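> Just dropping this structure here.
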Amino acid sequence: MLTVLRVHLPSEIPVVGCEITPYVLLRQPDGSISNDDVPESTPLNGYCMRYRWYRNLGDQKLAICSVHPTEPATLQCLVCLKEKVPITKSYHCSPRCFSDAWQHHRALHEQAKKTQTQNGAEEEEVFGRLNSSGSGNFASGLSGVTSNSGPLSVYPTTVVDKNGEAWSEVGLSRTYTPTAEDINHVLKFECIVIEAETRSNIGNVNTVSTSRVIPAPSPTPRRMIPVNGDLLGQLDLDGRTSSGTFSVLSYNILSDVCATNEAYSYCPTWALSWPYRRQNLLREIIGYHADIICLQEVQNDHFEEFFAPELDKHGYQALYKKKTSEVCFQIEYFQKKFHVLSFVAFLILPLIQVYSGNPDTVDGCATFFRRDRFSHVKKYEVEFNKAAQSLTDVAIQAGQKKVALSRLIKDNIALIVVLEAKFSNYGTDNPGKRQLICVANTHVNVHHEHKDVKLWQVHTLLKGLEKIAVSADIPMLVCGDFNSVPGSAPHALLANGKLEHLHPDLAVDPLGILHPTHKITHQLPLVSAYSSFARMAGVSLGSDQQRRRVDATTHEPLFTNCTRDFVGTVDYIFYTADSLSVESLLELLDEENLRKNTAIPSPEWSSDHIALLAEFRCKPRIRR
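If you want it as structure tokens, here you go:
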């Protein structure tokens, strides 16, 4: 029969809207040990598991801070009560907390005045009061009535334990998602083995309790700042760009396999958990209302099971390219090249040490676009591993090929998508002609010491984009995490189309692939979107503040990646300046405010990168 060996929770603090799936270790009838579920609907050898979730009714209802949800509240904003802002957002733990959050608070007040009848609708849209995981409150005394979590229990909805504490039954499945009604209450999970036919209990009830449920933290909203002198454009994100413009978001969301406690020890464990981060990231991404979304570090399983279906609900079509596998690629390459099985076998052992993870957790680049604004025309996939094979075949001596491949093969990829606009008013000289947009989304090699590999990957991508540009008169966007700071060789190549002969990065070239340097060029008129902040002069109320957050020399943001160990810019949105103009940009975050607790990721921001968002307009075509 089934035996429960261990039960524990994945996080010490439950958060509203973030599902909890306890770890239940079972010894199965055949003696094997597994974490697989055995629900009542599909018993195993006549046995199955019964689950219950309870909320403690005896907890004292304490107010907690809306900004720092692990701290008790000491003051409340009365204007929030007057304007009917959700009450949980009105509490603060200190006067300093309230002062720091005032910009956000004022935005809440203004929004509440406009949409009093829709208070809380946005949060409920993302999290929901009830969802398929079986969260929510159920009516008492009902039997044979179904909810989204299955049949309602025939047991009383309120039970009293041996210590005299009252508990209200709130869930019947293994997974539960806390709701706003759970805030400040302790939850209890129970599981027990039952006999499927008689429904009788087998053995003891296994119980584990949570700490008090906290609300999801609310990050300070970021505004769109116009860079073309149109003060009317300086509004909070309201969901739509003007008819003749389109917006593009680029965001490295930090893959779950990289979000470890060791790497980000300053972030609370519960805020690093994927169930929490995915909802926080989704809420943030949806809130930007971008027409095109370019995400990096999206795991294959998270794309298929979460981002693609969730963003589909909001009108987005999804395209994805997973990173390649170094093990499979190198074995395949040497099989093809040498046709010697013994040689391949010799390679396998060291390569397995390089890659032995779950292929579903390999990350990649995901591009989404709004179906009502664009249609998909063509997709190109760039695998730098294959480009490395081609380069090695033609440019590397036979005795150095293995060394060259070992250095060049890093599994990085790029996803290039050609879209056709469904909207007009671009200001073109031929409105009847198809308006195409080419969007490249990439994540370049991370290794700091491999400067030659970074530059080679960027140059390879740009040469591919040049071929597309030759075949079609098409505006281009190049987005992503380039793992290259402003002034580095990859950034200089993107921004200037060439490199200075004495650029220090060119000194790192053990394979000789960067010479002659005069061939490392491209003809695309690329400009960094966020350099527009450095060029504008008092065109909007936030322009001076934004200029202070841009480097005076490189004209790039002071940072897009902010951890305890590194603060700098590695993410960019480049555009072809002869065909596109920047209308507005998502405001940059202030480093001191962002790092006042530690760094990111944090409970408020769920990646170690910040999102970049730019609004563009197509320029009239110039006939050549």
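Position 361, counted from 1, in the sequence shown is what this note's numbering calls 361; the numbers after and before it change by one each time, with no gaps. Note that the Cβ used here is the ideal one computed from N, Cα and C, for glycine as well. These numbers were taken from a predicted model, which means no experiment stands behind them.
Assign Pro620 to one of two classes, buried (16 or more other C-beta atoms within 10 Å of its C-beta) or exposed (fewer than that).
Exposed.
> My assumption, with CB atoms under 8 Å, is that Glu615 sits in contact with Thr245. Please give the rounded CB distance.
Indeed they touch by this definition, with Cβ atoms about 5 Å apart.
> DSSP three-state call for Asp182: helix, strand or coil?
Helix at Asp182.
> Between the Cα of Val248 and the Cα atoms of Asp551, Phe559, Ala529, Thr553, which residue gives the shortest distance?
Of Asp551, Phe559, Ala529, Thr553, the residue nearest in Cα terms is Ala529.
> If you pair each beta-carbon of the region 35-51 with each one of the region 314-321, do three or more pairs fall below 8 Å?
Result no; under three Cβ-Cβ pairs closer than 8 Å.
> Where do the ends of the beta strand (DSSP E) carrying Ser32 lie?
Segment: none, Ser32 is in no beta strand (DSSP E) and carries neither H nor E.
> Please go through the same chain and pick out, in chain order, the residues whose beta-carbon is closer than 8 Å to the beta-carbon of Pro43, but skip the five residues on each side of it.
Ala196, listed in sequence order.
> With distances taken Cα to Cα, identify the nearest neighbour of Leu408 among His447, Tyr264, Thr554, Arg6.
Of His447, Tyr264, Thr554, Arg6, the residue nearest in Cα terms is His447.
> So within the region 43-87, which uninterrupted beta strand (DSSP E) runs reach at least 3 residues, ignoring any that extend past its ends?
Within the region 43-87, the complete beta strand (DSSP E) runs of at least 3 residues are 47-56.
> What is the DSSP secondary structure of Gln317, reduced to helix, strand or coil?
Residue state, collapsed to three classes: strand.
> Note down, in chain order, each residue of its chain lying with its Cβ closer than 6 Å to the Cβ of Glu19, except the 5 sequence neighbours on either side.
Here the set comprises Ser133, Thr175, Thr177, Pro275.
> Which complete alpha helix (DSSP H) runs does the region 207-292 hold, if anything under 4 residues is left out?
List check, alpha helix (DSSP H) in window: 269-272, 274-288.
> For Ala216 versus Val15, is the C-beta distance shorter than 7 Å?
In this structure, Val15 lies closer than 7 Å to Ala216 by Cβ.
> Within its chain, find whatever has a CB closer than 8 Å to the CB of Tyr288; leave out the 5 residues flanking it on each side and keep chain order.
Closer than 8 Å at Cβ, skipping near neighbours: Leu237, Ser247, Leu249, Leu586, Ala611, Leu613.
> Under the DSSP definition of a beta bridge, which residues are partnered with Ile573?
For Ile573, which the question treats as bridged, DSSP gives the partners Cys479.
> Run through the region 382-448 for me and flag every whole alpha helix (DSSP H) of 4 or more residues, listed as ranges in chain order.
For the region 382-448, whole alpha helix (DSSP H) runs of length 4 or above, ordered along the chain, are 384-395, 401-408.
> Please state if the CB of Asp452 and the CB of Val362 are separated by a distance shorter than 7 Å.
Going by C-beta atoms, Val362 is not nearer than 7 Å to Asp452.
> Can you grab the Cα-Cα spacing for the pair Ala271 / Thr210, in whole Å?
One C-alpha to the other measures close to 15 Å.
> Between which two residues does the beta strand (DSSP E) containing Phe368 stretch?
Where Phe368 is concerned, the enclosing beta strand (DSSP E) stretches over 363-370.
> How about Leu477 and Tyr380: do their beta carbons lie closer than 7 Å?
No, Cβ-Cβ distance for Leu477 and Tyr380 is not below 7 Å.
> Determine the direct distance from the alpha carbon of Ser168 to that of His609, and round the result to whole angstroms.
The alpha-carbon atoms of His609 and Ser168 are separated by roughly 41 Å.
> Using the beta-carbon count (16 or more within 10 Å), is Ile194 buried or exposed?
Buried, because 16 or more other Cβ atoms sit within 10 Å of the Cβ of Ile194.
> Quick check: the Cα distance between Ser218 and Ala552, rounded to an integer number of angstroms?
Ser218 and Ala552: Cα-Cα distance of roughly 32 Å.
> Does Ile520 come out as helix, strand or coil in the three-state DSSP assignment?
Ile520 falls in the coil class under three-state DSSP.
> In angstroms, rounded to a whole number, what distance separates the CA positions of Tyr264 and Thr563?
C-alpha separation (whole angstroms): 8 Å.
> Pairing CB atoms from the region 506-522 with CB atoms from the region 553-562, are three or more of them under 8 Å?
No, the region 506-522 is not in contact with the region 553-562.
> Indicate the three-state DSSP secondary structure (helix, strand or coil) for Gly203 in the structure shown.
Note: Gly203 maps to strand in three-state DSSP.
> Output the distance between the C-alpha atoms of Arg55 and Glu181, rounded to the nearest integer angstrom.
Roughly 9 Å between the two C-alpha positions.
> Could you tell me how far apart the beta carbons of Lys89 and Leu108 are, in whole angstroms, since I believe they sit closer than 8 Å?
Right, the Cβ-Cβ distance comes to about 6 Å (below 8 Å), so this counts as a contact.
> Could you compute how far the alpha carbon of Arg106 sits from the alpha carbon of Ser255?
The straight-line gap from Cα to Cα measures roughly 33 Å.
> Under DSSP, the alpha helix (DSSP H) around Gly464 begins and ends at which residues?
It spans 451-471 - the alpha helix (DSSP H) in which Gly464 sits, taken as one unbroken run.
> Helix or strand or just coil, what does DSSP make of Ser581?
It is a strand residue.
> Per DSSP, which one or two residues make a beta bridge with Lys322?
Per DSSP, Gly364.
> In angstroms with no decimal places, state the Cα-to-Cα distance between Val24 and Thr269.
Each residue's Cα considered, the two are about 19 Å apart.
> My assumption, with CB atoms under 8 Å, is that Ile292 sits in contact with Val439. Please give the rounded CB distance.
About 6 Å separates the two Cβ atoms, so the contact holds.
> Report yes if the CB atom of Ile413 is closer than 7 Å to the CB atom of Lys519, and no otherwise.
Their beta carbons are not under 7 Å apart, which means Ile413 does not touch Lys519 by this criterion.
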